[in-house]
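Per UniProt numbering, the very first residue in the sequence shown carries number 1; after that it's consecutive.
C-beta: ideal position from N, C-alpha, C; glycine also.
Right, one structure below, let's go through it.
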Amino acid sequence: MAVSSCSAAARAFPSFECRSDADFSAGGVPRHNDVPKSSSGVRFSGKASSLNHGSPIHGGMSSLILRFPPNFVRQLSVKARRNCSNIGVAQVVAASWSNNLGSPDFTPAAAKSVDASAAAAAAVAPVDEEVTVVVENENPACDDRNVQIEEVTRGKYSSFLSSDGSIAIHAGERLGRGIVTDAITTPVVNTSAYFFKKTSELIDFKEKRHASFEYGRYGNPTTVVAEEKISALEGAESTMLMASGMCASTVMLLALVPAGGHIVTTTDCYRKTRIFIETILPKMGITATVIDPADIGALESVLKQKKVTLFFTESPTNPFLRCVDIELVSKLCHENGALVCIDGTFATPLNQKALALGADLVVHSATKYIGGHNDVLAGCISGPEKLVSVVRNLHHILGGAINPNAAYLIIRGMKTLHLRVQQQNSTAQRIAEILEAHPKVRCVYYPGLPSHPEHQLAKIQMAGFGGVVSFEVDGDLLTTAKFIDALKIPYIAPSFGGCESIVDQPAIMSYWDLSQSDRAKYGILDNLVRFSFGVEDFDDLKADILQALEAI
């Protein structure tokens, strides 16, 4: 029997403790700012560890021997039955206990059920199937009576993981997750809803005494793991994963900017973001001021003249890779009561820590580097729970929930994030230097080059400069198209950040519906090329680019 193995190990190794199951963490099911940290000293590590200090079941649990008959596992929940060896009895009890502060005589149904099962089991179980459950409560008078949902941040892993690469692999998984399994990889939980065993359990959930999920749009155990990984990398208290990067950006803007509010953004940005700001937000009375990414004077002016709610931009920007002084912008905005949200998609959480630099929120199109395999759509927003919860509440209304299969692909992709980004940083830097020296290239836009207007700033606030290089070919629209068509390795496609190299001509790919003169207003010339480097061999990419340039 699975429970017996736990007992045998405990007898053979006195320090042995059964591994707990679910890690109900801040990235997942109900998150609460006002829940204090546990001080009860409960020795099982599941986060739903609040005890009813006034309940009879608590008084008799200290050093209690529970003997379980062979069929006891059938009395457990379906979730627990999946791997009984991975869940201590105390965890089953703790996950179901609840507390009614208004009724000192109240004994939760779940507690009664477990107590009865344990009593019945003790009468018939063989000695060799004993499991000792020790519950220590060093502070019986503590007021920590709510379900404890521990924050999962970088600090949780800092004791044994020192690099972003290791954190991207293990965060959200190595110290437990809300799925009972011994599998190394996180399972995909395909469900649209979650059930409650009794009405009392549902009430406990509604009154925040029981940690669980409710409906697929509000959360999923697989998605929570991905959210925790991103939170750990960003140093964020909370992360919300959504169906796409645009979903993350638009829901954030709708949630945080009130009707009649004013935002500041930059001239260079993703076109769909600009369209949303210029055409959709005005319908709600929200106006915007657009400034150059480096024009601090313009930012100071608009902050004085208008009541700015939010500063929102990319850094680096798309497609010219301009960089915003995140630390200075955050300081100025905060002094004037404005929030700062940075789209860090081009940077990745490895190359740039926007939150550490002072930003309030950071969003990513996880479709790009975070997923990294050109096979999934996703977006995320990270920051303090107080702000993310506002976005989450609107997201739950609007929809746009990520599919758990997509969340799994994000988890899978992040395992190699540091390896991919290192390769892409290196390749992009070396190719940018080659392109800048090539006679058939007019100019190159890349933060890693001294010629870039924000090169010195990028050196300060970035650990690497990313895998995308934009440049202008010495020629017109057709000459540039000829260069792109001569390339053999990259795909002509409208994305970036994946293992496969991708190239596009923005004048055609993203702005073809505009006239040449209208495109030029945004700096999009006919000869502009955006090249996203994958993880192919540097020499192969170099040779391919050089032969394509020779073809024009």
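Given residue i as reference, the closest of the options once Cα atoms are compared
i	options	result
residue 348	372, 358, 539	372
residue 308	527, 257, 514, 188	257
residue 314	329, 393, 279, 282	329
residue 489	242, 434, 539	539
residue 500	447, 246, 468, 512	468
residue 411	397, 434, 207, 367	367
residue 292	277, 269, 282	269
residue 448	282, 441, 465	465
residue 176	200, 228, 494	228
residue 478	455, 503, 508, 495	508
residue 301	472, 319, 264, 312	264
residue 224	481, 280, 401	401
residue 250	186, 380, 173, 160	380
Limits of the beta strand (DSSP E) - the one that residue i falls within
i	result
residue 364	361-364
residue 312	308-314
residue 444	441-445
residue 421	Here residue 421 belongs to no beta strand (DSSP E); instead the alpha helix (DSSP H) covers 417-436.
residue 502	502-504
Distance cut-off 7 Å: residue i Cβ against heavy atoms of the ligand FMN
i	result
residue 350	Annotation note on the ligand FMN: not contained in the displayed structure, which lists no ligands.
Coarse secondary structure for residue i, derived from DSSP in three states
i	result
residue 483	helix
residue 108	Note on residue 108: pLDDT 39, under 50, position unreliable in the model; no value is reported.
residue 117	Confidence in residue 117 is poor, its pLDDT being 40 and thus under 50, which makes the residue's placement too unreliable to answer from.
residue 84	For residue 84, the predicted model reports a pLDDT of 37, less than 50, meaning its position is unreliable; a value from the coordinates is still stated below. The answer is helix: DSSP assigns residue 84 an H, G or I state.
residue 288	strand
residue 339	strand
residue 379	strand
residue 533	coil
residue 491	strand
residue 354	coil
residue 528	strand
residue 102	Confidence at residue 102 is low in this model, with a pLDDT of 39, below 50, so its placement is unreliable and no value can be given for it.
residue 266	strand
residue 552	coil
residue 48	With a pLDDT of 35 at residue 48, under the threshold of 50, the modelled position of that residue is not reliable, and the figure given next carries that caveat. Three-state result, residue 48: coil.
residue 193	strand
residue 321	coil
residue 465	coil
residue 32	Residue confidence for residue 32 is low, a pLDDT of 35 falling below 50, so the modelled location carries little weight; the figure read from the coordinates is stated next. Looking at residue 32 - three-state DSSP - the assignment turns out to be coil, as it is neither helix nor strand.
residue 369	coil
residue 171	coil
residue 177	coil
residue 166	helix
residue 198	coil
residue 547	helix
residue 513	coil
residue 68	Unreliable placement is indicated for residue 68, whose pLDDT of 40 sits below 50; the coordinate value is still reported in the next sentence. In this structure, residue 68 counts as coil in the three-state DSSP scheme.
residue 540	helix
residue 62	In this prediction, residue 62 has a pLDDT of 35, which is less than 50 and means its spatial position is unreliable; nothing more can be read from the coordinates.
residue 349	helix
Host alpha helix (DSSP H) of residue i (start-end)
i	result
residue 470	Premise fails: residue 470 lies in the beta strand (DSSP E), 468-473, not in any alpha helix (DSSP H).
residue 332	326-335
residue 302	296-305
residue 391	385-398
residue 408	404-414
residue 159	Neither: residue 159 is in no alpha helix (DSSP H) and is coded neither H nor E.
residue 518	516-521
residue 273	271-275
Rounded distance between the beta-carbons of residue j and residue i, thought under 8 Å
i	j	result
residue 497	residue 369	4 Å
residue 387	residue 336	17 Å between Cβ atoms; not a contact.
residue 432	residue 421	The pair is not a contact, with the Cβ atoms about 16 Å apart (cut-off 8 Å).
residue 361	residue 252	7 Å
residue 222	residue 407	5 Å
residue 191	residue 216	6 Å
residue 376	residue 417	Not a contact, Cβ separation roughly 13 Å.
residue 321	residue 427	Contact doesn't hold; Cβ gap of about 15 Å is too wide.
residue 470	residue 494	Residue 470 to residue 494, Cβ: 14 Å. No contact.
residue 341	residue 359	7 Å
residue 317	residue 266	6 Å
residue 548	residue 481	Not quite, the Cβ-Cβ distance comes to about 11 Å (not below 8 Å), so this is no contact.
residue 514	residue 472	In fact, because the Cβ distance is near 18 Å, the residues do not count as touching under 8 Å.
residue 382	residue 203	In fact, because the Cβ distance is near 32 Å, the residues do not count as touching under 8 Å.
Q: Starting from the N-terminal side, write out each stretch of the alpha helix (DSSP H) that is 4 residues or longer and does not extend beyond the stretch 206-264.
A: Runs of the alpha helix (DSSP H) inside the stretch 206-264: 221-234, 245-256.
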